[in-house]
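>
Protein chains: 2
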Amino acid sequence: MLPATPTKRRKAAPADEQGGLRMTRQRQEVYETLLAHRDHPTATDVFLRVKDRLPNISLATVYNCLEVLVEHQLVRQVNFEREPSRFCPNLEQHGHFHDRGTGTILDVKFKKGVKLSDVLDLPPGAVVQDIEINLRGLLRTT
Amino acid sequence: MLPATPTKRRKAAPADEQGGLRMTRQRQEVYETLLAHRDHPTATDVFLRVKDRLPNISLATVYNCLEVLVEHQLVRQVNFEREPSRFCPNLEQHGHFHDRGTGTILDVKFKKGVKLSDVLDLPPGAVVQDIEINLRGLLRTT
DNA sequence: GAAAAAATTTAGAATAATTCTTGCTATCGG
DNA sequence: CCGATAGCAAGAATTATTCTAAATTTTTTC
Chain Z
8 MLPATPTKRR KAAPADEQGG LRMTRQRQEV YETLLAHRDH PTATDVFLRV
58 KDRLPNISLA TVYNCLEVLV EHQLVRQVNF EREPSRFCPN LEQHGHFHDR
108 GTGTILDVKF KKGVKLSDVL DLPPGAVVQD IEINLRGLLR TT
Chain P
8 MLPATPTKRR KAAPADEQGG LRMTRQRQEV YETLLAHRDH PTATDVFLRV
58 KDRLPNISLA TVYNCLEVLV EHQLVRQVNF EREPSRFCPN LEQHGHFHDR
108 GTGTILDVKF KKGVKLSDVL DLPPGAVVQD IEINLRGLLR TT
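These protein sequence lines are chains Z and P, in that order.
Per the numbering used here, the first sequence starts with residue 8, numbered consecutively.
Per the numbering used here, the second sequence starts with residue 8, numbered consecutively.
1) Counting contacts by CB-CB distance shorter than 9 angstroms, is T49 (chain P) in contact with chain Z?
2) Only counting the same chain, and skipping five residues up and downstream in sequence, which positions put a Cβ closer than 7 angstroms to that of V57 (chain Z)?
3) Using the C-alpha atoms, what's the distance from Q136 (chain Z) back to L129 (chain P)?
4) Verify the CB distance criterion: does N141 (chain P) have a CB-CB separation below 9 angstroms to chain Z?
5) Should L146 (chain Z) and G132 (chain P) be called a contact, given that it needs their Cβ atoms to be closer than 9 angstroms?
6) Less than 9 angstroms between CB atoms is the rule here; does L98 (chain Z) satisfy it with respect to chain P?
7) Can you tell me which residues form a DSSP beta bridge with R143 (chain P)?
8) When the Cα atoms are used, what is the spatial distance from C72 (chain Z) to M30 (chain Z)?
9) For G136 (chain P), return the contacting residues in chain Z, with the cut-off set at a CB-CB distance below 9 angstroms.
10) Does the beta carbon of L73 (chain P) sit closer than 9 angstroms to a beta carbon anywhere in chain Z?
11) Per DSSP, what kind of secondary structure is V77 (chain Z) in: helix, strand or coil?
12) Quick check on this structure: which residue in P:R32, P:K119, P:Q84 and P:E74 has the alpha carbon closest to the alpha carbon of D46 (chain P)?
13) If you compare alpha carbons, which of Z:G108, Z:T148 and Z:N86 is closest to G102 (chain Z)?
14) Please report the residue range of the alpha helix (DSSP H) in which R56 (chain P) lies.
15) Quick one: is E39 (chain Z) near chain P, going by C-beta distance under 9 angstroms?
16) First and last residue of the beta strand (DSSP E) that includes N113 (chain P)?
17) Could you tell me if V121 (chain Z) is buried or exposed, where buried requires 16 or more neighbouring beta carbons within 10 angstroms of its beta carbon?
18) Just to make sure I have the definition right: I need the residues of chain Z whose C-beta is within less than 7 angstroms of the C-beta of R89 (chain P). Which are they?
19) Do the CB positions of G144 (chain P) and D114 (chain P) come within less than 9 angstroms of each other?
20) Looking at C-alpha atoms only, which residue of P:T49, P:V75 and P:Q33 is the closest neighbour of R60 (chain P)?
21) Which bits of chain Z does A43 (chain P) rub up against, with CB to CB less than 7 angstroms?
22) State buried or exposed for L127 (chain Z), treating a residue as buried only when at least 16 other CB atoms are found within 10 Å of its CB.
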């Protein structure tokens, strides 16, 4: 049944839209691929994985999907040095550890109750919107 | 097996070499440019500045010089997102704050006595060799 | 429900920072 | 001075990413 009295309504979000993001098939597959293997894949990695389920998807679409997922804060983009960006569906505030031995990237949680200003001498007047902490080193395999 | 008589002896460091780095004119000018304006220039910025003193220098040489300075730890390479790398002669451990308003990048000192392990839940066995902390936000100009 | 409008996808071209290649020059140790 | 090594310059090559234009799908409007 249609609503009785809509004269002019603001563009309603379609049923499959969540938080302003239209969850198309491609976006869904890209997102689910990230959730399935949380190994911080590059766009090309994601492309190759998604292709199994959507053989016609293009790399440009994967880039588009990743971009829109990042914009809508479902995914974080992780940059190490000048390497290709990697993508991560872990939304908690966290950093990354890059093992030079194997190339593995691990999430690093922040300890509870630690404030940035306890650790860093922030410039006066700085309003921090985004934090990125990247560690590099070796994983001693004991 | 090992030859009884050493056929090659260790290369002696030339007089103008410091810490294994031969300080050529180009490297010197690149380095001094970084010291003179500590505003985190890109390679192209450095190129344009050095050109005033060495009109024949090439961009490739600036890249080479920066690379070798970074390798020899006289300079740090700073990466924000996927933007061009920037270069910084501040050798103390520090992070960076990127002001979205003006594009300015400021050094952010670590508070004394803070250990990484106080703040982060490092993966077991992780030996951290390098830390990169990048903040993004706005500078409230009061 | 059909037509119009809007959003998304695709494939390939374009972009831009960086790296590589090649031939030349300078410097080093002997 | 000589041969060897390192560094430089110019331009070509590389490569992750973005852009463009056309096609397709979805949503809105009538």
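Using N, Cα and C, we set each Cβ at its ideal position, and we do this for glycine too.
Remember, predicted model here, so these are calculated numbers, not experimental data.
In brief:
1) no
2) E36, V37, T40, I64 and V69
3) 24 angstroms
4) yes
5) yes
6) no
7) Z:D137 and P:H105
8) 10 angstroms
9) Checking the sequence, you will find Gln at residue 136 (chain P) rather than Gly. The answer, in chain order, is R107, L142, R143, G144 and L145.
10) no
11) helix
12) P:Q84
13) Z:N86
14) A50 to K58
15) no
16) A small fix is needed here, since residue 113 (chain P) is Leu in this sequence, not Asn. Here the beta strand (DSSP E) through L113 (chain P) covers I112 to F117.
17) exposed
18) N86 and S92
19) no
20) P:Q33
21) By Cβ distance, chain Z contributes nothing, its closest Cβ being about 22 angstroms from A43 (chain P), past 7 angstroms.
22) buried
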